[in-house]
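Below: the structure, in C-alpha cells.
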Amino acid sequence: MIHPLILIAVFLVSAVLGYFIIRTVPSLLHTPLMSGMNALSGVTIVGAIVATGVAFLAGDGFWAQFAGGLAIVLAAVNVFGGFGVTHRMLKMFDKKKK
Amino acid sequence: MPALQIILSAVLAVLVLAGISMMSKVRTAVAGNLLSAFAMLCGIVGTLFFAGVVSVWTIYVSILIGSLIGGLLAARVQMIQMPQTVALFNGLGGGASALVGLLSVHGDGAFVRFTALLAVAVGMVTLVGSLVAAGKLHRVLPQKPVVWKAHALCTLLFLALTLAFVVAGAFVQGIGLTVCLVGAFVCASLFGLWFSLRVGGADMPITISLLNSLSGVAGSIAGMAIGDVFLVAVGGIVGASGLLLTQIMCRAMNRKLMSILTGGTMTPPAPQPPVIEENDNENEELIRRIMDLEKKIKELEAMVADLETRVKALDGQLNAAPAAAPAPVEEAPTAASVLSKAKDVIIVPGYGMALAQAQHQVRQLADKLESRGARVRFAIHPVAGRMPGHMNVLLAEADVDYEKLYEMDAINDDFKNADAVVVIGANDVLNPAARNAVGTPIYGMPVLNVDQAPEVIVCNFDLKPGYAGVENPIYSREKGVYLELGDAKETLMRLMAGIA
Chain A
2 MIHPLILIAV FLVSAVLGYF IIRTVPSLLH TPLMSGMNAL SGVTIVGAIV
52 ATGVAFLAGD GFWAQFAGGL AIVLAAVNVF GGFGVTHRML KMFDKKKK
Chain B
7 MPALQIILSA VLAVLVLAGI SMMSKVRTAV AGNLLSAFAM LCGIVGTLFF
57 AGVVSVWTIY VSILIGSLIG GLLAARVQMI QMPQTVALFN GLGGGASALV
107 GLLSVHGDGA FVRFTALLAV AVGMVTLVGS LVAAGKLHRV LPQKPVVWKA
157 HALCTLLFLA LTLAFVVAGA FVQGIGLTVC LVGAFVCASL FGLWFSLRVG
207 GADMPITISL LNSLSGVAGS IAGMAIGDVF LVAVGGIVGA SGLLLTQIMC
257 RAMNRKLMSI LTGGTMTPPA PQPPVIEEND NENEELIRRI MDLEKKIKEL
307 EAMVADLETR VKALDGQLNA APAAAPAPVE EAPTAASVLS KAKDVIIVPG
357 YGMALAQAQH QVRQLADKLE SRGARVRFAI HPVAGRMPGH MNVLLAEADV
407 DYEKLYEMDA INDDFKNADA VVVIGANDVL NPAARNAVGT PIYGMPVLNV
457 DQAPEVIVCN FDLKPGYAGV ENPIYSREKG VYLELGDAKE TLMRLMAGIA
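Chains as they are written, first to last, in the working numbering: chain A, 2 to 99; chain B, 7 to 506.
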C-alpha cells in the first residue's frame, strides 16, 4: 500500500502542473480542451477496474461485482465517448490546414 | 513492484500533460488528444497487471459495453449538442468514481474510509449536477434558475451534512459506516440537485467546467482510496486545469464563481428579485413580441399596398420594355448594399447562430464577400455560446478556416476601422451598456466594440434583451444600424441574395 502522504503529494504536484499547462491553450480550442479533459476524467475507469477485480477475486457477492461492472461501463462511456468527440472536433479544425 | 508502478504512473502522467499541452495548437491538437488517449490505454493495461486482475473476465465485458455506447454516442452527436454531451459524459465519470468509492469504503484505515466516502460524495455531486446541467442544455429541464423554498438554506444544509457524514465515517466501522455511507450518498445527491437547479442557462458554461473539474477531483480521491498513483495524478491534472478554465470563464463573463454556485447563500435577498422579474419579463416580452409582430404585419400591409400602386404604374412601362425588370428604387443604403461595398467585414456570431443552425449560411456569406475581394474576419467573444469556444467548433464544422477566427483582444481595436460588422444571434457580448450601466448584471464584462463600427448589420431573432436582461443601445442607434430580424438562416439568405 502506498503511503497516503505520497498520494496527496502526487495530487498536489499534478494539480499545479495541470494548472500551468492549461494557461497556454487559446480560447479557440477551449471546447475541445474541455471535452478532452472530460475524457481524461474518465481515468476513474482504472479505479473501477481495480475495485471490480478485487471484488471478483475475493468472491464478493453479486451486487459488489455488479456495482464494479457498472462503474467500468460508466467510466468507459466517459473515456471512449470523450476522446471520440474530442477527436471529431479537432479534426474539423484541422481539415482546412493547407 | 510499487516502485515500478509509481515510475510508470509518473511517465504516463507526463504523457497526459504533454498531450494536453499539444492541444494548445490546432496543428498538434489531434495528435495531443491521441497521445492522452494512448497514455490512458497504457494506464488501463498497466493497472490490469499491477492489480493482478488480468483474469477477471467481467472487466473486459464491461469495457466493451461501455466503449460501444461511448463510441456510438461520440459518432452520432451533433456539434450543437456538444455542451450537453460533455456534461453527460462528465456525469457518468463522476458516477463511476462514486461507485469506486462505494466498493472500497470497507478497506482498512481512516484514510481509506475518508477518501472512499469523499469519492462517493464528490462523485454523486458530479453525477447529479451534470445530469441536471445536461437536461437544462438539452431543454428537457427549465433553463431558468429553479428556486425552491429555503433554497439557499437547504443547499448549505445538504453540503454540511455531506461533509459531516464523510468525516464521521472515517472514524467508525460496521453499521455506523453504512449509515455514514448512505447519508453521504443521499445528501451529496441532494446537494448536487439543489445547487445545479439554481443555475440559469447562461451560467451553464461555467457550471459544466466546474463539474468537469469536480469529476477529476472525484477520480483523484477515488485513486487515493484504492492507492493508485496514476489515477491520483490524472485526476489532479483534470481537477486543477478545470478549475483554471472555470476561472478564465468567470473573468470573461464578469461573474463571481461564488455567486453562481451559492446563488443566494451569500446574499439571500439578491437572488429573489431577479427570479420574479424574469417571470414578469417573460410576460412583457411575449406582449412586446406580439406587438412587434402586429407592427410588422401593418408594415407589410403598407408595403403590399405600395407595391400594388407601383406595379400599376409600371404596367405601362412593362409593355414597352418587357426585358427591363422593375428595379427597386433604393435611395437609403440597405444592409445588402452596405455589404456589397464593404472591403473589411467583421462577423460576430453568438448563441443565436447556433440555435438557428445558421453556421453554414454564415460561411456562405463570408465566402461570397471574400469572392468580391472583401476581407472577412470573425470576432469570437470568449463566452459566446453555451460553452467556451462553442462558436469556434460550430464555425469549424461549417469549414470556416480557424485562422479567420479572432479572439476578442486580438480584434477589438479593429472594429472602428471595419467597413461593416455583421452580428448573428449575439447580444450581451456586444452590449456597450456593459461599459457604463452600473448595477446591471453585465456591467464590467469585457465586450466586443461593435458599437464603434460605422455600419452594423444585426441578424438577430428579435430585439429583446439577452440573457442579462439589459437593453442594447446599439439597436436604437440612429445611423449605420440595419436590423434584419427573424430566423438567421432566412435573413442571411436574403442578405446574400441582396448582394449584387
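Virtual Cβ for every residue (Gly too), placed ideally from N, Cα, C.
This structure is a prediction, so every number in the text was calculated from the model and none was measured.
The three-state secondary structure of Leu-187(B), taken from DSSP, is helix. Spatial neighbours of Asn-418(B) in its own chain (CB-CB distance under 6 Å, excluding positions within 5 residues in sequence) are listed in chain order as Asn-455.
Neighbours of Ala-49(A) in chain B, taken as residues whose beta carbon is under 9 Å from its own, are Ile-65, Ser-68, Ala-102, Ser-103, Leu-105, Val-106, Leu-109 and Ala-228 in chain order. The continuous stretches of beta strand (DSSP E) do not include Tyr-449(B), and DSSP gives it neither H nor E. Using a Cβ-Cβ cut-off of 7 Å, Ala-72(A) is close to Ala-102, Leu-105 and Val-106 of chain B, given in chain order. Residue state for Arg-383(B) is assigned as strand, using DSSP reduced to three classes. In this chain, Glu-477(B) is not harboured by any alpha helix (DSSP H), its DSSP state being neither H nor E.
Under the three-state reduction of DSSP, Ala-426(B) is assigned to strand. If you ignore the 5 residues before and after Ser-42(B), its C-beta comes within less than 6 Å of the C-beta of Val-22 and Gly-25, all in its own chain and listed in chain order.
Contact between the segment 43 to 60 of chain A and the segment 10 to 25 of chain A is absent, with fewer than three C-beta pairs closer than 8 Å. A residue is called buried once 16 or more other Cβ atoms fall within 10 Å of its Cβ, and Thr-161(B) is buried on that count. Under DSSP, Val-354(B) forms a beta bridge with Val-429(B). For Glu-413(B), DSSP records a beta bridge to Ile-386(B). In the DSSP assignment, Leu-489(B) falls within the beta strand (DSSP E) that extends over 487 to 489.
Segment contact: the segment 290 to 310 of chain B against the segment 225 to 233 of chain B, fewer than three CB-CB distances shorter than 8 Å; contact not assigned.
DSSP places Ile-3(A) in the coil class of the three-state scheme, outside both helix and strand.
The alpha-carbon separation between Gln-90(B) and Val-205(B) amounts to approximately 15 Å. For the C-beta of Gly-54(A), the chain B residues within less than 7 Å are, from N- to C-terminus, Ala-57, Val-59, Val-62 and Ile-65. Closest in C-alpha terms to Met-38(A), from the list Lys-92(A), Leu-6(A), Phe-94(A) and Asn-79(A), comes Asn-79(A).
Going by beta carbons, Asp-350(B) and Asp-425(B) fall inside the 8 Å limit. In this model, Ile-386(B) and Tyr-412(B) are separated by some 6 Å (Cα to Cα). Bridge pairing for Ile-463(B): Val-428(B) and Tyr-488(B) [DSSP]. Contacts with chain A (Cβ-Cβ distance below 7 Å) from the segment 364 to 378 of chain B involve no residue at all. Collapsing the DSSP output to three states places Asn-96(B) in a helix.
Look at Gly-99(B): its C-beta is under 8 Å from a C-beta on chain A. For Gly-62(A), no Cβ of chain B is located within less than 8 Å of the residue's own Cβ. Contact note: Pro-394(B) reaches chain A through Ser-28, His-31, Thr-32 and Met-35, using a C-beta cutoff of 8 Å and chain order. Residue-level contact check: Ala-59(A) does not touch chain B, since none of the beta carbons of chain B fall below 8 Å from its beta carbon. The alpha-carbon separation between Ala-176(B) and Phe-191(B) amounts to approximately 15 Å. Only those residues of the segment 390 to 424 of chain B whose C-beta falls short of 7 Å from the nearest C-beta of chain A are listed: Met-393, Pro-394, Gly-395, His-396, Asn-398, Val-399, Ala-402, Glu-403, Asp-405, Asp-407, Tyr-408, Leu-411 and Glu-413. Closest in C-alpha terms to Ser-482(B), from the list Leu-133(B), Pro-438(B), Glu-307(B) and Ser-136(B), comes Pro-438(B).
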